[in-house]
Amino acid sequence: SQQGEEDPQALSIQEGENATMNCSYKTSINNLQWYRQNSGRGLVHLILIRSNEREKHSGRLRVTLDTSKKSSSLLITASRAADTASYFCGAGSYQLTFGKGTKLSVIP
Amino acid sequence: NAGVTQTPKFQVLKTGQSMTLQCAQDMNHEYMSWYRQDPGMGLRLIHYSVGAGITDQGEVPNGYNVSRSTTEDFPLRLLSAAPSQTSVYFCASSRALNSGDSYGYTFGSGTRLTVV
């Protein structure tokens, strides 16, 4: 069974808007990670948040983690057309399980 | 540094054939894993390894074998290819967790396999 499950499955926004994606997981984790995948490419690591952290920032990315609700969110601020990609959360410790991803389309 | 290198990038097999998907990393990462990605299914873990000589099964191991004789290489073997194994395969590596800390994965660019 898949640990990380992203929501929504697809998201379409205008350039400059913020994009929020959510992830839920089932069991206790050591950390949760977010990845981006451009079409036909491998996944690229964006940000990692540990189970004892509640919020983390990296550039235009903001990740939150609520271990009591077993959920995380990824916020991309001031989106750009280049942010168009699929986004995945991976939950676990060193062994990550991923969801089906959120497909983000940023319209210029 | 090359990162994680997967070969081949594309492969077509006939049902029943065997083959090995290669994965090599030059970052001295101890943890390596194989995933398959199918439309509507996301990424599913096939096998993983926490170091040379140590492997374990993931979520969907049937029909696949792995070995880890060196830190750098983690090949995935398809024993007798089936159409259900048509997929995109990704290899990933990560630093060891000796200190209990966590690190992000580095993924390869994938192998697109079609079994006819």
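Just so you know, the protein sequences line up as chains E and G, in that order.
For what it's worth, the working numbering labels the leading residue of the first sequence as 2, then goes sequentially.
For what it's worth, the working numbering labels the leading residue of the second sequence as 3, then goes sequentially.
Glycine is no exception: its CB is placed at the ideal position from the N, C-alpha and C atoms.
Keep in mind the model is a prediction, meaning the values are calculated, not measured.
Cβ-based neighbour list, isoleucine 108/E, same chain, cut-off 8 Å, excluding 5 preceding and 5 following
In the first sequence, residue 108/E corresponds to position 107, counting from 1. These residues qualify, in order along the chain: Ser13, Ile14, Gln15, Glu16, Ala82.
Out of Arg51/E, Gln96/E, Arg63/E, Phe99/E, state which residue places its alpha-carbon closest to the alpha-carbon of asparagine 19/E.
Locating residue 19/E in the first sequence gives position 18, counting from the first residue. For asparagine 19/E, the nearest C-alpha among the options comes from Arg63/E.
In or out: lysine 70/E buried (at least 16 other Cβ within 10 Å) or exposed?
Counted from its first residue, the first sequence places residue 70/E at position 69. When all chains shown are included, lysine 70/E counts as exposed.
Simplified DSSP state of serine 89/G, which is helix, strand or coil:
As a first step, residue 89/G is located in the second sequence; it is residue number 87 there, counting from the start. Strand, per DSSP.
What residue from Ser52/E, Thr98/E, Tyr36/E has the CA that sits closest to leucine 76/E's CA?
Mapped onto the first sequence, residue 76/E falls at position 75. The shortest C-alpha separation from leucine 76/E is found at Tyr36/E.
Output the distance between the C-alpha atoms of alanine 4/G and tyrosine 33/G, rounded to the nearest integer angstrom.
In the second sequence, counting from the first residue as 1, residue 4/G sits at position 2. In the second sequence, counting from the first residue as 1, residue 33/G sits at position 31. Each residue's alpha carbon lies about 17 Å from the other.
So that I know if they touch, is there some Cβ in chain G lying closer than 7 Å to that of histidine 46/E?
As a first step, residue 46/E is located in the first sequence; it is residue number 45 there, counting from the start. It does: the Cβ of histidine 46/E has a partner Cβ on chain G nearer than 7 Å.
Considering only heavy atoms of the ligand FAD, does any lie closer than 6 Å to the CB of serine 106/E?
No copy of the ligand FAD occurs in the structure displayed, which carries no ligand at all.
Contact with chain E by serine 111/G, beta-carbon distance below 7 Å:
Here residue 111/G is taken as the residue at index 109 of the second sequence, counted from 1. It does: the Cβ of serine 111/G has a partner Cβ on chain E nearer than 7 Å.
Nearest CA to the CA of tyrosine 66/G: which residue from Thr73/G, Thr72/G, Thr57/G, His49/G?
Here residue 66/G refers to the residue found at position 64 when the second sequence is read from its first residue. Answer by Cα proximity: His49/G.
Whose Cβ in chain G lies nearer than 7 Å to the Cβ of lysine 104/E?
The residue you call residue 104/E lines up with position 103 of the first sequence. The premise fails here: lysine 104/E is roughly 11 Å from chain G at the closest Cβ pair, so nothing lies under 7 Å.
C-alpha distance - glycine 106/G paired with leucine 15/G, whole-angstrom precision
On the second sequence, residue 106/G is found 104 positions in, with the first residue counted as 1. On the second sequence, residue 15/G is found 13 positions in, with the first residue counted as 1. Roughly 33 Å separates the two Cα atoms.
Just to confirm my understanding: we take glutamine 39/G, look at its own chain, exclude 5 residues before and 5 after, and list those with CB closer than 7 Å. What are they?
Counted from its first residue, the second sequence places residue 39/G at position 37. Only Leu45, Ser89, Val90, Phe92 meet the Cβ criterion.
My assumption, with CB atoms under 8 Å, is that serine 87/E sits in contact with threonine 103/E. Please give the rounded CB distance.
Taking the first sequence and counting its residues from 1, one reaches residue 87/E at position 86. Taking the first sequence and counting its residues from 1, one reaches residue 103/E at position 102. Indeed, because the Cβ distance is near 7 Å, the residues count as touching under 8 Å.
Quick one: is alanine 106/G near chain E, going by C-beta distance under 7 Å?
Walking along the second sequence from the start, residue 106/G turns up at place 104. Just to set this straight, residue 106/G is glycine in the shown sequence, not alanine. Yes, because at least one Cβ of chain E sits closer than 7 Å to the Cβ of glycine 106/G.
Can the beta-carbon of glycine 110/G be found closer than 7 Å to that of glycine 43/E?
Taking the second sequence and counting its residues from 1, one reaches residue 110/G at position 108. Taking the first sequence and counting its residues from 1, one reaches residue 43/E at position 42. Result yes, Cβ atoms of glycine 110/G and glycine 43/E sit closer than 7 Å.
Where aspartate 28/G sits in the DSSP three-state scheme
One-based indexing of the second sequence puts residue 28/G at position 26. Aspartate 28/G falls in the coil class under three-state DSSP.
Roughly how many whole angstroms lie between the Cα atoms of serine 1/E and valine 45/E?
In this structure chain E extends from 2 to 109, so residue 1/E is not present and cannot be described.
Distance cutoff 7 Å, beta carbons only. Does asparagine 39/E sit that close to anything in chain G?
Translated into positions along the first sequence, residue 39/E becomes position 38. No, no contact with chain G.
Best match in Glu7/E, Thr21/E, Gln10/E, Asn32/E for proximity to alanine 92/E [C-alpha to C-alpha]:
Stepping through the first sequence from its first residue, residue 92/E is reached at position 91. It is Asn32/E whose Cα lies nearest to the Cα of alanine 92/E.
Cutoff 7 Å; reference serine 29/E; Cβ partners in own chain excluding five residues on either side:
Within the first sequence, residue 29/E is the residue found at index 28, counting from 1. Nothing listed; no residue qualifies.
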